[in-house]
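There are 2 protein chains.
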Amino acid sequence: MITIPYPKGHKIKVRNKIVESAAQAFRTNGIQDVSVPFIMKGAGLTHGGFYSHFNNKEQLVAEACRYAISDTIALLQKVADEENHPPPIHTVIDYYLSPYHRDNTEMGCILPALSGEISRSSEEVRQVYTHELERMIAFISNLAEIDASKGSALFSTMVGSLTLARSVNDPELSATLLSSGKQYAKELVKTLT
Amino acid sequence: MITIPYPKGHKIKVRNKIVESAAQAFRTNGIQDVSVPFIMKGAGLTHGGFYSHFNNKEQLVAEACRYAISDTIALLQKVADEENHPPPIHTVIDYYLSPYHRDNTEMGCILPALSGEISRSSEEVRQVYTHELERMIAFISNLAEIDASKGSALFSTMVGSLTLARSVNDPELSATLLSSGKQYAKELVKTLT
DNA sequence: TATAATATATTACGATCATCATATTATAAA
DNA sequence: TTTATAATATGATGATCGTAATATATTATA
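Going down the list, the sequences are from chains A and B. Take 168 as the starting number for the first sequence in the numbering used here and just add one per residue. Take 168 as the starting number for the second sequence in the numbering used here and just add one per residue.
Written as structure tokens, this is what we have:
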């Protein structure tokens with residue numbers, strides 16, 4: 168009676184591809200600068216089918232943010248597990264404030280790229296963003312073995328340094344922002360009460 | 168022979184009003200979300216005359232950034248001069264990471280609001296932005312009596328804390344981001360080498 | 001193979017954008 | 001008061017956006 172015209176799970180897979188495409192595009196070009204047709208093309212589709220997957224662009228923004236931040240936490244966890252010599256939090260700080268992470272925004276943390284725009288987004292999007300940021304701060308605090316208050320200051324330093332390092336034109340200033348951010352972040356972990 | 172139909176300095180005054188209108192609008196709503204007609208309306212004009220003042224929107228963005236950051240440095244200088252009891256840098260940190268500054272973006276520092284978008288702007292805009300950020304870091308370093316490297320870490324912490332505090336939905340987390348940012352920024356000034 | 005149902009593509013709509021061409025207004029000088 | 005011209009307004013253009021309606025393509029089942 169009931170026929171299933173496409174393979175089971177097909178739509179979910181396509182939907183995930185759209186979210187992945189959006190997450191990558193948003194990190195590179197912001198939210199407002201990325202159009203629905205562009206996102207759909209990135210997922211190998213045309214724009215028409217978009218609204219059979221999402222109610223509107225805002226809903227996709229929320230899902231893409233959740234996906235991107237979860238993805239970054241998982242990546243940082245992997246980075247922390249890789250090296251055993253320095254404290255794991257040092258490895259994560261070094262990665263987060265590396266030239267590689269600065270220069271490859273499409274694969275990197277979404278927070279420095281989008282926090283400004285998120286402040287002006289819908290409550291739905293901010294709700295998701297808040298929850299994921301809480302998870303990120305918990306992850307960082309746990310890794311550094313500090314409380315959440317200190318952890319939020321640590322992560323703020325990391326985000327601020329990366330944000331500014333990406334915004335400037337001068338390679339030397341950008342390098343200074345990264346390295347001084349690294350140094351202070353590490354000292355913050357052990358020095359401050 | 169040569170007649171001057173409008174009062175001397177009239178056009179410059181109007182041009183400045185456009186830049187002020189843009190600076191305020193960009194801080195509140197970002198660059199891409201603010202249209203030329205909207206900016207012109209904010210200056211009491213219609214959109215048509217825009218291109219007799221500026222070659223394009225990008226040029227206005229650069230000028231508005233320069234204006235806004237200079238304006239903020241001047242404001243912070245005033246804040247520093249107001250109170251004499253605590254070290255001036257503490258007064259500035261307290262102001263920068265206050266709920267008032269977080270909640271009144273249209274009058275506040277442009278850097279947390281726009282750094283993400285600036286990363287994806289033209290070289291012309293990034294050039295101006297870089298120069299003004301250098302001035303800001305010099306101002307902060309001088310006020311805190313620390314070197315520019317440490318000053319850039321300090322300012323990164325301030326920017327990161329304010330950016331994240333503005334992006335989240337939860338008042339408690341936002342307050343934590345502000346207060347822990349304040350605390351560690353102050354400790355950074357005196358503690359770290 | 002034919003059918004039914006669903007996923008995707010094509011096309012269209014109204015809005016808004018940056019930009020530009022042209023018309024109108026305002027005012028200093030004659 | 002008239003005139004010349006700079007400053008501003010009006011209106012238009014082509015592009016692109018988010019969104020929706022409709023047509024086509026796809027494939028598990030009968």
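Quick reminder that beta carbons are idealized off the backbone N, C-alpha and C, glycines included.
Cβ separation of residue i and residue j, assumed to be a contact under 8 Å, to the nearest whole Å
i	j	result
leucine 300 (chain B)	valine 335 (chain A)	6 Å
serine 219 (chain B)	glycine 283 (chain A)	Contact doesn't hold; Cβ gap of about 31 Å is too wide.
serine 319 (chain A)	leucine 264 (chain A)	Going by Cβ atoms, the distance from serine 319 (chain A) to leucine 264 (chain A) rounds to 17 Å, so no, they are not a contact pair.
phenylalanine 193 (chain B)	isoleucine 277 (chain B)	7 Å
proline 279 (chain A)	threonine 330 (chain A)	4 Å
valine 292 (chain A)	glutamate 225 (chain A)	6 Å
lysine 357 (chain B)	isoleucine 260 (chain B)	In fact, because the Cβ distance is near 12 Å, the residues do not count as touching under 8 Å.
serine 323 (chain A)	leucine 321 (chain B)	12 Å between Cβ atoms; not a contact.
histidine 214 (chain B)	valine 203 (chain B)	6 Å
threonine 386 (chain A)	alanine 241 (chain A)	Nothing can be reported for residue 386 (chain A), as the shown portion of chain A is limited to 168 through 360.
isoleucine 256 (chain B)	methionine 303 (chain B)	With 8 Å as the limit, isoleucine 256 (chain B) and methionine 303 (chain B) do not qualify as a contact, their Cβ atoms being about 13 Å apart.
arginine 287 (chain B)	glycine 348 (chain A)	Between glycine 348 (chain A) and arginine 287 (chain B) the Cβ distance is about 21 Å, and since that is not below 8 Å, they are no contact.
isoleucine 307 (chain B)	tyrosine 296 (chain B)	That belief does not hold up - the Cβ atoms of isoleucine 307 (chain B) and tyrosine 296 (chain B) are roughly 16 Å apart, past 8 Å.
N- and C-terminal bounds of the alpha helix (DSSP H) containing residue i
i	result
lysine 245 (chain A)	224-249
arginine 287 (chain A)	That residue, arginine 287 (chain A), is in no alpha helix (DSSP H); it is neither H nor E in DSSP.
tyrosine 351 (chain B)	338-358
aspartate 261 (chain A)	255-263
isoleucine 185 (chain B)	177-196
isoleucine 206 (chain B)	203-209
tyrosine 267 (chain B)	266-270
glycine 275 (chain A)	Where glycine 275 (chain A) is concerned, there is no enclosing alpha helix (DSSP H), given that its DSSP letter is neither H nor E.
leucine 321 (chain A)	315-334
Under 9 Å from the C-beta of residue i: neighbouring residues of chain A
i	result
proline 279 (chain B)	Ser282, Gly283, Ser286, Gly327, Thr330
Partners in chain A for residue i, counting only beta-carbon separations shorter than 7 Å
i	result
asparagine 196 (chain B)	Arg287
leucine 355 (chain B)	Tyr351
leucine 340 (chain B)	Thr297, Glu301
Within chain B, the residues that residue i reaches when beta carbons sit closer than 7 Å
i	result
glycine 348 (chain A)	Ala320, Ser323
serine 316 (chain A)	Thr343, Ser347
threonine 213 (chain A)	Correct list: empty, because the minimum Cβ distance to chain B is about 24 Å.
Contact set between residue i and chain A, taken where Cβ atoms lie within less than 8 Å
i	result
arginine 293 (chain B)	Ser334, Val335, Asn336
glutamate 290 (chain B)	Asn336
Within chain B, the residues that residue i reaches when beta carbons sit closer than 8 Å
i	result
asparagine 199 (chain A)	Just to set this straight, residue 199 (chain A) is glutamine in the shown sequence, not asparagine. Residues of chain B passing the Cβ test: Gly197, Gln199, Asp200.
threonine 258 (chain A)	Within chain B, no residue comes near threonine 258 (chain A); the closest Cβ sits about 19 Å away, beyond 8 Å.
Chain B contact residues for residue i, given Cβ-Cβ distances below 9 Å
i	result
threonine 239 (chain A)	Result: empty, since nearest Cβ-Cβ is about 15 Å, beyond 9 Å.
Given 8 Å as the limit, is there contact between the stretch 173-191 of chain B and the stretch 263-270 of chain A, that is, 3 or more CB pairs closer than that?
no
Determine contact between the stretch 333-351 of chain B and the stretch 297-315 of chain B, defined as no fewer than three beta-carbon pairs at a distance below 8 Å.
no
Between the stretch 228-244 of chain B and the stretch 183-191 of chain B, are three or more C-beta pairs nearer than 8 Å?
yes
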